[in-house]
Amino acid sequence: MDVVVADLRATYRTEDALPVVARGLADPADFLARLADAVDAYWRTCLAAYWWPRVQTILETDLAHQARVLAEQGAGALFSGLDPRLVWSDEHLSLTRPPDTAPPGLRMTSASQGAAWS
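Printed below as a string of structure tokens:
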């Protein structure tokens, strides 16, 4: 619950920003339960019956395709097919990026193809 309270306080900066948040901070466990119930209701009402069956079919088809690529061509082909910046070398996966696009806090290490960030 401490994480929920800290996130809400960081997001809204003041309890007056949104009355529902102020009430939620008074009883974080109840607030979290109500949020979970609301997300569950949204899922059941808006997504589960209409959207999820199609998405599930697409995901299952893609999973079968990726498994076939892995079995027939190996990990290098699997990862480079997902994103050309992914490099599988010596049983290590690297994300290659030009040095000026590295996300903050990531350390640059050398890799056989360009700069790898880890």
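When we follow this note's numbering, the leftmost residue of the sequence shown carries the number 125, and every step to the right adds one. A virtual CB, placed ideally from N, CA and C, is assigned to each residue, including glycine.
Distance, residue j Cα to residue i Cα
i, j, result
"A130", "W167", "26 Å"
"I182", "W176", "10 Å"
"A153", "Y136", "18 Å"
"F126", "D164", "The amino acid at residue 126 is misidentified as Phe; the sequence shows Asp. Cα-Cα distance, rounded: 22 Å."
"G198", "T185", "19 Å"
"L159", "T169", "15 Å"
Burial state of residue i (16 or more Cβ within 10 Å)
i, result
"P143", "exposed"
Cβ shell of residue i (< 7 Å), same chain only, five flanking positions each side left out
i, result
"L132", "V145, G148, L149"
"L217", "F203, L210"
Cβ-Cβ separation, residue j to residue i (assumed contact under 8 Å), whole Å
i, j, result
"L206", "L219", "Contact flag wrong, Cβ pair sits at about 11 Å."
6 Å CB neighbourhood of residue i in its chain, flanking five on each side removed
i, result
"F155", "G148"
CB contact check: residue i to chain B, cutoff 8 Å
i, result
"V163", "No chain B appears in the structure shown, which is made up of a single protein chain."
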